[in-house]
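Undergrad: Sharing a structure here in structure tokens format.
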Amino acid sequence: MNNQREAVVANETPPLELLAPAGSFEAFKAAVENGADAVYLGGKSFSARASAANFDLEELRKAVRYAHERQVKVYLTVNILIADQEFQELMDYLYAVYDIGVDAVILQDLGVASLIRAILPELEIHASTQMTINTTWGAQHMERLGFYRVVLARETSAAEIKTLAASTPLDLEVFVHGALCVCYSGQCLMSSFIGGRSGNRGTCAQPCRMTYQLVNQERKNLLTVKNLGEHLLSPKDLNLVEDLVELKEIGVHSLKVEGRMKRPEYVATVIRLYRKALDRIERQGENGPLLTTEEHQELLQIFNRDFTKGYLRENPGADLMSYSRPNNRGTRLGRVVSLNSGRLDLKLEAAIHSGDGIEFWTGRGREGITVGNIWRDKQQVSDGFPGETVQIEFSGVARPGDRVFKTNDAKLMEKARESFQEGKEQRKRPLTMSLRGHIGDKLTLEVVEGMRRVRVFSANPAQKALKRPLTWDYANQQLGRLGTTPFWLDQLVVEVDEGLMLPVSDLNEMRRMAVEELLRETTQQNVERSLYRQRIGKWNNELAKARLSSARRNLPLVSVAVSDPETLEAALKSGAKRVLIGGEHWRSRKNFKIDEIRSGFETCRKQGVDCAWRLPRVLNETQSTRLLEDLKKAALWPDKPKLMVSNLGELEMLRSLDPNWPFETDYSLNVFNEASLAHFLHLGAQRVTLSPELHHEQLAHLAKWGGIEYFVFGDLEMMVSEYCPIGSTLGGKQGSHCSGVCVKEPHYLRDRLEYDFPLETDQECRMHLYNVKVLNLYEELPQLKRMGVSNIRLQLTRQSPEQVGLIVKVFLEAWDTLQLGNRSLWTPDQGMAELTSMFPQGFTKGHFFRGVL
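The numbering used here puts the first residue of the sequence shown at 693, with every later residue one more than the last.
Written as structure tokens, this is what we have:
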């Protein structure tokens, strides 16, 4: 792998890889036949698009063979969090896909990455965008863990990508087209907590595409007069086709098109157009547009929610969003002129064809139809063109002036389908053939394709022709019959004796043997199943040893996470023996400054209180540099503070300053299984906070390790996003030009069921979206104690000092009583009554009992 990396670095301008999505075999063929250099797809298991058709092992084998015959790579998504009970199936699956010959697997779960390094290091691994890598520090950590490529967070800007590319030998992959998540991928728990369908497990229900209202504390809709639309979390689609030259110059290796849930025609069209753009870069460099006006229109027509460049240049604020609708907008077709006797007169701004799907936008809503018959001047026609007025059949309600959009172009779809039609494959490689020999000898056919050269011989010696001697035209006709193979005959040299004859069956057999040899895999997988089983046995033994060595008896503690000095004081006054300070800096309240963090540590030390500094969940490159400066200062304190890291880049920062710096990990690192828990403990974590998506049976299994912490009370953060709905809609412009309206009063997103989700904005103007109901496992404390969970977390980063004091007292009294074995002296009634009085909106038990899909 190191040699591969050095080769990539040595090549100053490697060709950009066009990476296509495939959710079905048809979409896969569409990608390959329209010019993809690589295709990413999912299996029937362990894939982050579980509702796509996806590929079973036999289909995967067929796809890999088809791709490799056409010099296209296949990357397999194994990009979800894996439950412990799934690991045996996963190990069988990994060997199967390795044996099939996939070129790499895309991972989210660090436990799975550890597993692959131990049992199948020959398999190339790519870090999914679900890992939230957006800084040089994060990339360096991925390199240390053996990854070959990083799929960067969609929020990474061009300037940041350039910095990353200059600092790491890893391949950098970026999304260039398709749907955007409003939240940082891998950090979204919204679908998980409101519907039990986890994005981290591949079953996201896309609540971001639903309708919401922005309301204040009085529950007044603050956007009524703005008429923006109510899809307040629904981004436009990404489109960077005219930015490919810049992406190449700043060091991007792979251009990723989103769309494993999209139909094959979409994949065919988008990949064809991006292929054209890349080919034009190779021919003309930076000169001129990469797509014509007509091609841009095709890109728009196949699917769009309107287009955006995302965060490539800056935070676009409201310009990122598709407020009015979450689905395909189509393209402008024209306006209604009149409606008479079942026919509608339509003034065209674009072409219309029979079979097109069109949609009428009216003040009463939208109505879609498929175009049937078309008339122009009372003559039936199959098409209408811009500037014309045509008539179509229509039985709905429409008024003069209503806008009409084309949502499906029949001819574009037909063009797309033809590109991947069975038996009409066009993705072929040129062959050079040389046929040589003499009468009385066996003829030799030499075939050259790229760097490969094969030689075959005729079954029989050539003879002197009695009637029809072998000619160049006849040889070209027979040898050129390459049918559905991935080859075409480009050049043929025939050097044989004049008057020579060879049976057509011999020519055909020579061609068949040559093609068969060319298609034979040039690299064979070299890990025998017996060796693989030995590696698995060793890994299982080492995991068992790690479990035993980690199963120490921890002092039972209640951790109290606070975000400002006042709530820290309240927690300490109420008897907290462990506090977590820091985290995000809210714009709505006073936060810890670096000197206050130091003062907080000193106070805790004097009182014998365990203290850790929680680092922010998301940082960009500039913010990482600022944090690094603070950490350098903290490194000089008399007692180095213990840190709680929230992302992988922060872990690498600590390592650069002091490999022995004491640290813990927060729940945002998605520890969901023994392997990922063991991974962080092996790196030196003193304590690991587990994923809040775990079911109680999974938690009981992990509690055997010791060294864990579990979130039992507090606000569940469901999204963190660079997009701020408050600043984008009410603040004039998000960021430095925003009026700061977020600090004037509390804000909520109200869904269609009238649940109000609290919003917080941090100092970097990121949105943090919280669950309507507070997590509360107070009544489950006895069960947690029986499981062996020693550390429980109260996440009180949004509560007042008074609330913090009361909540801490309630939980400390219960937890201490249970630890002393006085279960009979404790009942949850009084504590629940006190908690309920503070939170009339009610509580949730999260995934403790229901788990996630």
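Ideal Cβ positions, reconstructed from N, Cα and C, are used throughout, including at glycine.
Determine whether the beta carbon atoms of residue 1112 and residue 725 lie at a separation below 7 Å.
TA: Yes.
Undergrad: Once you ignore the five residues that flank residue 766 on each side, which residues in its own chain have a CB closer than 6 Å to its CB?
TA: Counting only Cβ-Cβ distances below 6 Å, and skipping sequence neighbours, we find 731, 756, 759, 794 and 795.
Undergrad: Can you tell me which of the three DSSP states residue 1397 falls into?
TA: DSSP places residue 1397 in coil when its eight states are reduced to three.
Undergrad: Taking contact to mean at least 3 C-beta pairs separated by less than 8 Å, is the segment 1167-1182 in contact with the segment 1149-1157?
TA: Touching, no, given that fewer than three Cβ pairs across the two stretches are closer than 8 Å.
Undergrad: Taking only the alpha-carbon atoms, compute the straight-line gap between residue 1210 and residue 1146 and give it to the nearest angstrom.
TA: Going from the Cα of residue 1210 to the Cα of residue 1146 covers about 7 Å.
Undergrad: Residues in the same chain with beta-carbon distance under 8 Å from residue 1496, minus the five sequence neighbours each way, listed in chain order, please.
TA: Excluding positions up to five away in sequence, the list reads 1252, 1254, 1259, 1262, 1263, 1266 and 1488.
Undergrad: Quick one: measure Cβ to Cβ for residue 853 and residue 866, integer angstroms, because I've assumed they're closer than 8 Å.
TA: About 7 Å separates the two Cβ atoms, so the contact holds.
Undergrad: Since residue 734 and residue 953 are thought to touch, with beta carbons under 8 Å apart, how far apart are those beta carbons, to the nearest angstrom?
TA: Between residue 953 and residue 734 the Cβ distance is about 11 Å, and since that is not below 8 Å, they are no contact.
Undergrad: For the alpha helix (DSSP H) that residue 1296 lies in, which residues bound it at each end?
TA: Run containing residue 1296: 1286-1299, per the alpha helix (DSSP H) assignment.
Undergrad: Which partner residues does residue 900 have in the DSSP bridge list?
TA: According to DSSP, which records beta bridges pairwise, residue 900 is partnered with nothing at all.
Undergrad: To the nearest angstrom, how far is it from the Cα of residue 928 to the Cα of residue 1099?
TA: Their Cα atoms are separated by approximately 16 Å.
Undergrad: With the cut-off set at 7 Å, would you say residue 1101 and residue 1048 are in Cβ contact?
TA: For residue 1101 and residue 1048, yes; Cβs fall inside 7 Å.
Undergrad: Only counting runs of 3 or more residues, tell me where the beta strand (DSSP E) segments fall wholly within the segment 1099-1180, in order along the chain.
TA: Runs of the beta strand (DSSP E) inside the segment 1099-1180: 1121-1129, 1134-1141 and 1144-1153.
Undergrad: Return the chain-ordered list of same chain residues with a C-beta closer than 8 Å to the C-beta of residue 1297, the five sequence neighbours on each side being excluded.
TA: If we look at residue 1297 and ignore the five residues flanking it on each side, its Cβ neighbours are 1303 and 1331.
Undergrad: Would the segment 1351-1359 count as touching the segment 1370-1384 if we require 3 or more Cβ pairs under 8 Å?
TA: Touching, yes, given that three or more Cβ pairs across the two stretches are closer than 8 Å.
Undergrad: Contact check, residue 1091 vs residue 1028 under 8 Å by CB: the rounded distance?
TA: Sure, about 7 Å apart at Cβ, within 8 Å.
Undergrad: Just the Cα atoms here: how many angstroms apart are residue 1293 and residue 1318?
TA: Rounded to the nearest angstrom, the two C-alpha atoms are 20 Å apart.
Undergrad: In the DSSP assignment, what are the bridge partners of residue 1413?
TA: 1459.
Undergrad: DSSP three-state label for residue 973, please.
TA: Correct three-state label for residue 973: helix.
Undergrad: Consult DSSP for residue 772 and reduce its assignment to one of helix, strand or coil.
TA: Three-state result, residue 772: coil.
Undergrad: Could you check the C-alpha separation between residue 1349 and residue 1324 for me, to the nearest Å?
TA: Answer to the nearest angstrom: the Cα atoms are 7 Å apart.
Undergrad: Would you check if the distance between the CB atom of residue 1502 and the CB atom of residue 1280 is smaller than 7 Å?
TA: Against a cut-off of 7 Å, the Cβ pair of residue 1280 and residue 1502 comes out as no contact.
Undergrad: I need the DSSP call for residue 959, collapsed to helix, strand or coil.
TA: Here residue 959 sits in helix by DSSP.
Undergrad: Does DSSP put residue 808 in a helix, in a strand, or in coil?
TA: Looking at residue 808 - three-state DSSP - the assignment turns out to be helix.
Undergrad: Could you name the residues of the same chain whose beta carbon sits closer than 6 Å to that of residue 1480, not counting the 5 residues immediately before and after it, in chain order?
TA: 1395.
Undergrad: Among the candidates 902, 779, 1404 and 1334, whose CA atom is the shortest distance from the CA of residue 883?
TA: Checked all of 902, 779, 1404 and 1334; the closest Cα to residue 883 is 902.
Undergrad: Could you say which of 876, 1449 and 1077 lies nearest to residue 1310 if we only look at CA atoms?
TA: The shortest C-alpha separation from residue 1310 is found at 876.
Undergrad: Report yes or no: do three or more beta-carbon pairs, one from the segment 1396-1405 and one from the segment 974-993, lie closer than 8 Å?
TA: Cβ pair count under 8 Å is below three, so no.
Undergrad: Would you list the one or two residues that DSSP bridges to residue 1072?
TA: DSSP output for residue 1072 lists 1067 as bridge partner(s).
Undergrad: Give the secondary structure of residue 829 by DSSP, where H, G and I count as helix, E and B as strand, and everything else as coil.
TA: Residue state, collapsed to three classes: helix.
Undergrad: Could you tell me if residue 1371 is buried or exposed, where buried requires 16 or more neighbouring beta carbons within 10 angstroms of its beta carbon?
TA: Buried, because 16 or more other Cβ atoms sit within 10 Å of the Cβ of residue 1371.
Undergrad: Am I right that residue 859 and residue 828 are in contact with their C-beta atoms under 8 Å? What's the rounded C-beta distance?
TA: Yes, residue 859 and residue 828 are in contact; Cβ-Cβ is about 4 Å, under 8 Å.
Undergrad: Is it right to say residue 1163 is buried, meaning 16 or more other beta carbons lie within 10 angstroms of its own, or is it exposed?
TA: Exposed, by the Cβ-count rule.
Undergrad: Helix or strand or just coil, what does DSSP make of residue 951?
TA: Residue 951: coil per DSSP, three-state reduction.
Undergrad: Roughly how many angstroms lie between the CA atoms of residue 1334 and residue 1023, to the nearest whole one?
TA: In a straight line, the C-alpha of residue 1334 is about 56 Å away from that of residue 1023.
Undergrad: Tell me, which residues are paired with residue 792 by DSSP?
TA: Per DSSP, none; premise fails for residue 792.
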